[in-house]
Amino acid sequence: MLTERQNMILKYIVDDYTDNGVPIGSKRLASQLPMNVSSATIRNEMAVLSGQNLIQKVHTSSGRVPSNEGYRYYIDNLVAPVLVDNEEKSLIHNALGGTFQQIDDIVKQSADILSSLTDYTAMTLSPEQTNTETLRHFQLIKLSDHQVMAIIVMNDGQVESQPFITNDHIDEDKLVQATNLVNDKLSGKSIPEVLNELKTTIPEEIRDYLTSSENFVSAFEYVINKSLKDHFFVSGRMNLLDTMDDKKDIKNMKPLYSMFGDNSNMAQILDNDAKPISVMIGSELRNDLLKNYSIISGTYDVGVHGMGRIAVIGPTRMAYPKVLGLVDAFKDELQKRINGYYNNYDK
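Under our numbering, the residue at position 25 of the sequence shown is numbered 30, and the numbers go up by one with no gaps.
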């Protein structure tokens with residue numbers, strides 16, 4: 006562990022680098038510290054911090070900047086989240102207080118709000134689906150003489166759809182009969198039960214109404230599986246460009262930008278830690294494109310409906326105290342909003 010003075014010096018180095026983005030030397034540190042310490046003493050203490058890999062020298066300056074290890078020590082031992090003020094609380098509450106038709110609408114809007122509040126890139130992940138999810142309603146709608154839209158509504162209000170082609174001319178009366186058959190047999194059943202029926206009894210029974218039963222089953226399975234997938238939203242991707250420490254590193258912008266379009270990739274990064282609040286720094290993210298970034302994430306819990314995640318990604322020198330406070334307050338408000346949605350929907 007560090008001494009009290011070493012802790013203070015490290016904290017000032019991190020805070021100054023966050024604010025200014027330039028290395029700091031012993032002389033400037035001596036003028037900022039709330040104690041009378043000589044530059045020579047500070048240099049000695051900085052040598053100790055360097056020896057423990059908490060700060061490092063950059064080739065363009067004689068000053069020092071925090072290392073990833075230094076940021077980790079700072080997060081674990083020195084930082085305190087800044088509580089959001091009443092104005093920010095009201096902004097979050099009002100922004101999430103609109104009318105939403107589906108959970109994904111709330112979660113997507115959350116990414117936009119969080120990015121706007123922090124000026125960083127924000128990511129949100131809808132609550133994971135569980136085996137308690139059931140099929141509420143199924144509908145077939147004629148789109149053209151040979152095309153039908155299959156629509157499902159889950160018990161939480163989630164809606165998914167997929168068109169499919171039929172070989173024969175579509176009879177709307179038979180579509181109604183097929184819809185009624187599926188609802189009679191599958192409405193109220195869990196997703197595993199629905200998928201099992203689609204593999205066993207449904208193909209044969211639906212053939213009385215739709216000769217292209219294989220296309221129907223494929224479309225139905227697609228929308229069911231789609232409802233199970235992680236619903237992941239990203240907002241403020243261009244903020245990545247603004248926060249790049251090294252503008253020469255712009256060559257990484259395209260693959261980094263593309264990576265945020267890969268739901269499975271980003272969801273996997275967020276799923277590494279399900280603590281209420283967590284911080285992952287640089288190499289801890291195990292992705293070379295993210296070596297100069299940190300992710301602050303929070304988990305919100307909506308009971309039987311699962312757990313979701315929100316996250317902010319910014320440079321390793323991001324304003325940790327402020328963002329930690331915002332993420333903590335935001336996840337709590339989002340949790341209340343989603344619980345309220347489910348309570349109203351389940352009535």
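C-beta: ideal position from N, C-alpha, C; glycine also.
These numbers were taken from a predicted model, which means no experiment stands behind them.
On the CB-based measure, 16 or more other CB atoms within 10 Å of its CB, does residue i come out buried or exposed?
i	result
T8	exposed
M323	buried
I1	The chain is shown from 6 up to 352; residue 1 falls before or after that span and cannot be answered.
R291	exposed
H64	exposed
H174	exposed
D20	buried
E50	buried
D161	buried
I301	buried
A316	buried
G345	exposed
K281	A small correction: the amino acid at residue 281 is Pro; Lys does not occupy that position in the sequence shown. Flag for P281 reads exposed.
S36	exposed
T104	exposed
A224	buried
K336	buried
S72	buried
L203	buried
I18	buried
S43	exposed
E92	exposed
T206	exposed
Would you list the residues sitting across from residue i in a DSSP beta bridge?
i	result
M243	The partner list for M243 (beta bridge, DSSP) is empty, contrary to what the question assumes.
V153	K147, F169
V284	I301
I68	Reading the sequence as shown, one finds Gly at residue 68 and not Ile. None, per the DSSP bridge assignment.
P320	Y298
T129	F238, I315
H142	V158
V222	In the DSSP output, where bridge partners are listed per residue, V222 has none listed.
V164	V158
Taking only three categories from DSSP, how would you classify residue i?
i	result
T135	Residue placement at T135 is poorly supported in this model, since its pLDDT is 47, which falls under 50; the coordinates are not used for a value here.
V307	coil
S192	coil
L215	coil
Q61	strand
I300	strand
R77	helix
M312	strand
L392	There is no way to answer for residue 392, as the model of the chain reaches only from 6 to 352.
V84	coil
G330	helix
G103	coil
F335	helix
Which residues mark the beginning and the end of the alpha helix (DSSP H) in which residue i is found?
i	result
G354	What the structure shows of the chain is the stretch from 6 to 352, and residue 354 is not part of that stretch, so it cannot be assessed.
R10	9-25
A35	31-37
A100	91-100
M6	No alpha helix (DSSP H) contains M6, which DSSP labels as neither H nor E.
K28	This sequence places Pro at residue 28; Lys is not what is there. No alpha helix (DSSP H) holds P28; DSSP gives it neither H nor E.
I175	Here I175 belongs to no alpha helix (DSSP H), and DSSP marks it neither H nor E.
T123	108-123
M40	Premise fails: M40 is in no alpha helix (DSSP H) and is neither H nor E.
L290	Counting along the chain, L290 falls outside any alpha helix (DSSP H), and DSSP gives it neither H nor E.
Under a CB-based cut-off of 8 angstroms, is residue i close to chain B?
i	result
R33	Chain labels in this structure do not include chain B; a single protein chain is all it has.
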